[in-house]
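Q: Be aware that the sequence shown starts at 1, since it is given in UniProt numbering, and climbs by one per residue. Idealized CB from N, CA, C, for every residue including glycine.
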Amino acid sequence: MPNATVIADELAAQLAHIESIYHQQPLQARQACEALIGHARQQHATLLQIYAAELYGKIMDHAGEAITARNLLYEAAQQAQAIHNFRLEARVCEQIARSHYTAGEYPTALQNWLRCIELSEFKQGEAAIWMMAKVGVGQVYDALGECQTALLFHQKALNRIHEVNDPYLHAKILINIGVVQLKLDQLSQAKIALETSRQICLANDYADYAATSYSRLAEIALKENQLDDAMSLLTEALSFARKVNYRWGEATILSNMAQIHSRHQRYDAALECIFTAQVIAKNHHFTPVLMRLHQAAAHNAEQAGQIALAIQELKAGVALQTALQQAQQSEQNNILVQKTNLRASASSKLVNLANHRLIEHGDQADYWPLLAQESASLLQLERVSIWLLSEDKQRLECQYARQETAQMPVLERRMMPVFFSSLEHNQPIIAHDAAHHHFVWDIAKAYLAERHIYSIMAFPIHHNDRIYILLFEQTGQQRNWLPDEIKVGNQLANIAARALGNQDRREFQDEIHILNARLSEAHTELENRVQERTQGLLQSNAELEQTMSQLVQTEKMAALGRLVTGISNELIPPLIDALEHSNVLNQHSKQIAQQLSSGQLKRSSLEQYIATTEAQGKIIEDKIALASELVGQFKLIAVDTSSERRRHFNLYETVSDLAKMLSRQLRHQGHRILLNIPRQLELDSFPGPLEQILTHLIQNAVFHGFAQRRAGVIEISAYAQGDEIIVECHDNGIGIAPEQLQRVLEPFYTRALHNEHSGLGLYIANNLLSEVLAGKLEIESALGQYTKVKLRIPRIAPESQAAEVQA
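1. Applying the criterion that 16 or more other CB atoms from any shown protein chain within 10 Å of the CB defines a buried residue, is Leu11 buried or exposed?
2. Between which two residues does the beta strand (DSSP E) holding Ser781 run?
3. Could you say which of Glu219, Ala230, Ala210 lies nearest to Arg242 if we only look at CA atoms?
4. Just checking my contact of Val727 with Ile716 at CB under 8 angstroms: how many whole Å lie between their CB atoms?
5. Using only the alpha-carbon positions, how far apart do Val440 and Gln531 sit?
6. Just to check my reading of the structure: Leu194 and Leu217 have Cβ atoms closer than 8 angstroms, yes? What is that Cβ distance to the nearest angstrom?
7. Which class does Gln265 belong to by DSSP, given the choice of helix, strand or coil?
8. How big is the Cα-Cα spacing for Gln124 and Met60?
9. Around the Cβ of Val410, are there at least 16 other Cβ atoms within 10 angstroms (buried) or fewer (exposed)?
10. Measuring CA to CA, which of His294, Gln303, Ala323 is closest to Gln312?
11. Give the straight-line distance between the Cα atoms of Pro798 and Gln111, rounded to the nearest whole angstrom.
12. I need the straight-line Cα distance from Ala782 to His648, nearest angstrom please.
13. For Leu753, does the three-state DSSP call read helix, strand or coil?
14. Would the beta-carbon of Ala323 fall within 9 angstroms of that of Ala310?
15. Could you check what DSSP says for Phe649 in three-state terms: helix, strand or coil?
16. Would Leu753 be called buried (16 or more neighbouring beta carbons within 10 Å of its own) or exposed?
17. Are there 16 or more other CB atoms within 10 angstroms of the CB of Leu651, so buried, or fewer, so exposed?
18. DSSP puts Asn676 in a beta bridge; with which residues?
19. Give a yes or no on contact between the segment 730 to 747 and the segment 680 to 692, applying the rule of three or more CB pairs nearer than 8 angstroms.
20. Looking at C-beta atoms only, is the number of pairs between the segment 86 to 99 and the segment 459 to 472 that lie closer than 8 angstroms three or more?
21. Across which residues does DSSP place Val727 in a beta bridge pair?
22. Within the segment 26 to 97, note down every full alpha helix (DSSP H) run reaching 4 residues or more, in order along the chain.
23. May I have a chain-ordered list of the beta strand (DSSP E) segments no shorter than 3 residues that lie completely inside the segment 469 to 515?
24. Going by C-alpha to C-alpha distance, which of Leu254, Leu379, Lys590, Arg402 sits closest to Leu233?
25. Since Ser770 is in the alpha helix (DSSP H), which residue starts that stretch and which ends it?
26. Any idea if Leu378 is buried or exposed, counting beta-carbon neighbours within 10 angstroms, 16 or more meaning buried?
27. Between which two residues does the beta strand (DSSP E) harbouring Met457 extend?
28. Rounded to the nearest angstrom, how far is the Cβ of Ala434 from that of Leu448, given a contact under 8 angstroms?
29. Would you call residue 825 buried or exposed, if buried means 16 or more other Cβ atoms sit within 10 Å of its Cβ?
30. Whole angstroms is fine: what's the gap from Val337's alpha carbon to Val702's?
31. Would a C-beta distance cut-off of 9 angstroms place Glu19 and Leu48 closer than the cut-off?
32. DSSP puts Val384 in a beta bridge; with which residues?
33. Could you tell me the distance, in whole angstroms, from the CA atom of Trp387 to the CA atom of His425?
34. Taking the beta carbon of Pro26 as the centre, do at least 16 other beta carbons fall within 10 Å, making it buried, or is it exposed?
35. Beta strand (DSSP E) containing Asp684: first to last residue?
36. Using 10 angstroms around the beta-carbon of Asp9, count the other beta-carbons present and answer buried if the total reaches 16, otherwise exposed.
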């Protein structure tokens, strides 16, 4: 039998060889890398498999097929996480992000690149990976039209290039900088960046990036109307692209060549380039490129007098354009529906589930089916099951399984010891590829494989010294769990724990009632029973404290909910208008498509359609711009208030953003918020909790101080006092009676005669101030005149506070 060390060394040598050739021989490198991953998996060479998967991601990305590598990359990510290798996890995260970016899945790409940056900033993190992630974030902003922001991220990456000896990465950064500068019409700067990248690529034989550099330099020459220079550059670019089978680049280069031929009125030559590019675009599904090529062919055929060909190409171009527009409109409509709350979001579904009567008052026969059904809906799954680990931790027995008609087996530790051991770590198990996961492979063989389950998420729920397992199962094919899906899984597990706790609480309450009923019959017996139940009552008290904490969190969510309600009233009208105009535009698109398919399309109809599209598009753009402004303001507040992250911030800017958002809600009641804060006040603290505190104070003033009144004024002022910042919230409301002033900071105390509010607002504000910001709260009031709440906040939050918040 061959020596394992020798095998590992041979595989490592193969990896090094693949890395040395993939720029020049991408097809051979791809085939060799696929074989290497298979060998590494067979030999359980985990580190080598992770490195090979990362390299495979790079190869497939350069080939324009990044999505093909995604499953292997997620498998590598779970392996890196299992061995706690943050450096390798960062490498794989970068490639995962790029696979989502090339598919236009920008939010998921951004999440993975930000995770990559975070991992790369740990000890022993790699500067090169950090730079690649920064470039990735810049590319997302570039794709979203935020060119200036994109340029900032690319420049940050370039500022650290001296830390590594990586000319390929250097060229990549320079190309991205040049592309953004080209879009910003900074042609001289773009030319410098792209010329430098070209020289690097030629010196190191990077044919793919050399093709890109030449092609982008040609675009500059085209903008400067230097057609001969542009053609010369494109000829070089085409040579390099064909050398490494860079098909997307080849199609784009040929399109630009056709543009030059057309300017010289060489229409036949232009058409020849276009037709060659069309074949490439069709074979590789470059749909937007193919649409533009059909349009260019129609123009050149018309100029060459080939009217039949021009009409044929125009029809093909319009058909593709219509299909793309319909897909885009469908996506925009989904976004509009989500933003206008016409369809419930995952967050609202979770809130509704958490407050469901069966979660509060049901038993396991009631809430397990409900939880499984809602979990399947939220995560788009067919199979969800709940399991209970036996007291001796040797067996797992199914308590409920959705979409399972047969008797569920009992899973035994002796058949799957690795999986059972992992459950005791009290950590979620996220297995994209269950068959090759470090903690799941043995249950995959014994249970998952025969049910065609490829991916799972398992969340342990510790309750009364017992462990329940909430298991999400993906059948049919591998599923790469996204960060948002993992977050939803965690929240569902928390709801399950809450349901179990509620049931226990009710059982304890029932037992207490029985004991009280027997008090009159057997006082002596009751005393003995009380002693027996002492331990149970202690546990009950702990659960009640947990319930109190959950109520506090509910009040925080309610405060954010009131923000959502306020912004929804402003947001819905422009979005509804935009949706209506979008439907009008969609109708016109269908009409023009029908005319096209029937051969009755006239030039006047097409011109009228274009005019209508421009008009309707302008209206939609205006409405969406208004909605975007409102959403942007809300996101600024909502993101910050949900974060307990410490950072340096300007007090005036933070409070001003909050005041703008809340003022939209208050203006309908005639109330105003005034600010008297010096613009230079800076803090090193926690802006999110501070915004939560001020939100509670403002809402408290409106609800209690301005009850049944209009035109109230809330003034927020601040000033420095030694090492502290004093923030005062003053309202001209009805004030607080002296006997009530002593109790306003108590939980559940409210002056309202009804139960619209929980009485937790000031209690939460005081806790956040003392426990997170290390500050103090003081209240003074005159009945019928005013109430003033004074916050004393350290300019620099103590390090102990930061450690507690992070913990």
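A: According to the structure shown:
1. Under a 10 Å Cβ-count criterion, Leu11 is classified as buried, with 16 or more other Cβ atoms of the shown protein chains found around its own Cβ.
2. Per DSSP, the unbroken beta strand (DSSP E) holding Ser781 starts and ends at 776 to 782.
3. The shortest Cα separation from Arg242 among Glu219, Ala230, Ala210 belongs to Ala210.
4. Confirmed, about 7 angstroms.
5. In a straight line, the C-alpha of Val440 is about 45 angstroms away from that of Gln531.
6. With a contact defined as Cβ atoms closer than 8 angstroms, Leu194 and Leu217 qualify at about 5 angstroms.
7. In the structure shown, Gln265 sits in coil (DSSP, three-state: anything other than H, G, I, E or B).
8. Gln124 and Met60 have their alpha carbons spaced roughly 27 angstroms apart.
9. So Val410 ends up on the exposed side.
10. Closest in alpha carbon position to Gln312, among His294, Gln303, Ala323, is His294.
11. Within the model, the alpha-carbon separation for Pro798 versus Gln111 is close to 30 angstroms.
12. Each residue's Cα considered, the two are about 36 angstroms apart.
13. Reliability fails at Leu753, whose pLDDT of 44 lies under 50, so the model's placement of it is uncertain and the value that follows must be treated cautiously. Three-state DSSP puts Leu753 in coil, outside helix and strand.
14. One thing to note: Ala323 has its Cβ no nearer than 9 angstroms to the Cβ of Ala310.
15. Here Phe649 sits in strand by DSSP.
16. Below a pLDDT of 50, predicted positions are generally treated as unreliable, and Leu753, at 44, falls in that range; the measurement from the model is reported next regardless. Result: exposed.
17. A residue is called buried when at least 16 other Cβ atoms come within 10 angstroms of its Cβ; Leu651 meets this threshold and is buried.
18. Under DSSP, Asn676 takes part in a beta bridge, and its partners are Ser717.
19. They do not touch, by the three-pair rule.
20. No contact exists between the segment 86 to 99 and the segment 459 to 472.
21. According to DSSP, which records beta bridges pairwise, Val727 is partnered with Ala718, Leu791.
22. Secondary structure in the segment 26 to 97: the alpha helix (DSSP H) runs of 4 residues or longer, each lying completely within the stretch, are 26 to 42, 46 to 62, 70 to 82 in chain order.
23. Complete beta strand (DSSP E) runs here, min 3: none at all.
24. Closest in C-alpha terms to Leu233, from the list Leu254, Leu379, Lys590, Arg402, comes Leu254.
25. Per DSSP, the unbroken alpha helix (DSSP H) holding Ser770 starts and ends at 761 to 771.
26. Residue environment: Leu378 is assigned as buried (16 or more neighbouring CB atoms within 10 Å of its CB, all protein chains considered).
27. Following the DSSP letters along the chain, one finds Met457 inside the beta strand (DSSP E) bounded by residues 453 to 463.
28. About 5 angstroms separates the Cβ atoms of Ala434 and Leu448, confirming a contact at the 8 angstroms cut-off.
29. A question about residue 825 goes unanswered here, because the residues of the chain that appear run from 1 up to 807.
30. Low confidence applies here, because Val337 scores a pLDDT of 48, under 50, leaving its location unreliable and the question unanswered by this model.
31. Going by beta carbons, Glu19 and Leu48 fall outside the 9 angstroms limit.
32. DSSP lists Phe472 as partners of Val384.
33. Pairing Trp387 with His425, the inter-Cα distance amounts to about 16 angstroms.
34. Counting C-beta atoms within 10 angstroms of its own C-beta, Pro26 has 16 or more neighbours from the protein chains shown and is therefore classed as buried.
35. Run containing Asp684: 682 to 685, per the beta strand (DSSP E) assignment.
36. Asp9 comes out exposed.
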